[in-house]
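Participant: First the structure, then my questions, so here it is.
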Amino acid sequence: MALFHHYKKLHCQTQILFLLLQVKIVLRRYKLLDLFLCSRIRRHHANGGILAAICAAPTVFGELGLLAEESATCYPGMEDGLFCKEISDKKSVLSGKILTSRGAGTAADFAFSLLALLKGKEIANHLSRAMCYEEAEA
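What follows is the structure, given as structure tokens:
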């Protein structure tokens with residue numbers, strides 16, 4: 000019941016959140032990333048919005064030049080597309096208002112880090128402990 004309560008509060012969150020979770024739309028070099036989506040991501044970031052991506056999706060932010068002054072992580076082997084200040088091998092990296100994570104194996108840490116960003120570290124850690132998971136890294 001507590002999980003549903005937190006989900007409901009998160010769902011009603013007034014902050015706008017842009018998530019890129021599907022790898023199939025990531026690779027701009029293969030013309031799979033649509034220009035409308037690129038302009039929306041840039042505008043969202045320019046307006047101070049939160050960006051979050053996992054697996055190879057953080058390379059979209061890199062190719063858009065949004066990681067130039069940030070630390071980031073992504074799926075191993077895709078780092079050349081990050082174009083960031085510092086590449087990390089941590090499970091999840093929060094740099095400014097950009098959260099990045101490595102892949103399916105880091106999805107829980109990514110989710111709890113995102114929850115911490117949106118609702119506070121106390122709530123994220125409470126929920127992670129209730130689910131028998133470690134505290135969020137980012």
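Note that numbering that gives the first Met the number 0 gives residue 38 to position 39 of the sequence shown, counting from 1, and the numbers run on in steps of one.
All C-beta atoms, glycine included, are put in the ideal place defined by N, C-alpha and C.
#1: Could you spell out where the alpha helix (DSSP H) holding Ser38 opens and where it closes?
#2: Leu50: which of Glu121, Gly76, Ala107 and Ser112 sits nearest, CA to CA?
#3: So, helix, strand or coil for Thr58, using DSSP?
#4: Within a Cβ cutoff of 7 Å, which residues of the same chain sit near Leu20, ignoring the five residues on either side of it in sequence?
#5: Whole angstroms are fine: how far does the CA of Lys118 sit from the CA of Glu133?
#6: Tell me whether Leu9 sits in a helix, a strand or coil according to DSSP, three-state version.
#7: Quick one: what's Ser91 bridged to in DSSP?
#8: Tell me, which residues are paired with Ser70 by DSSP?
#9: Would you mind stating whether Leu63 and Arg41 have Cβ atoms separated by less than 9 Å?
#10: With a CB to CB cut of under 6 Å and the five nearest residues on each side skipped, what residues in its chain are close to Ala71?
#11: Could you please give the first and the last residue of the uninterrupted alpha helix (DSSP H) stretch that includes Asp108?
#12: Under the three-state reduction of DSSP, which class applies to Leu126: helix, strand or coil?
Facilitator: Looking at the atomic coordinates:
#1: Leu34 to Ala45
#2: Ser112
#3: helix
#4: Residue confidence for Leu20 is low, a pLDDT of 47 falling below 50, so the modelled location carries little weight and cannot support an answer.
#5: 17 Å
#6: Confidence in Leu9 is poor, its pLDDT being 46 and thus under 50, which makes the residue's placement unreliable; the coordinate value appears in the next sentence. If DSSP states are grouped into helix, strand and coil, Leu9 belongs with the helices.
#7: Ser100
#8: Glu85
#9: yes
#10: Pro57, Leu81, Cys83, Val92 and Thr99
#11: Ala106 to Lys118
#12: helix
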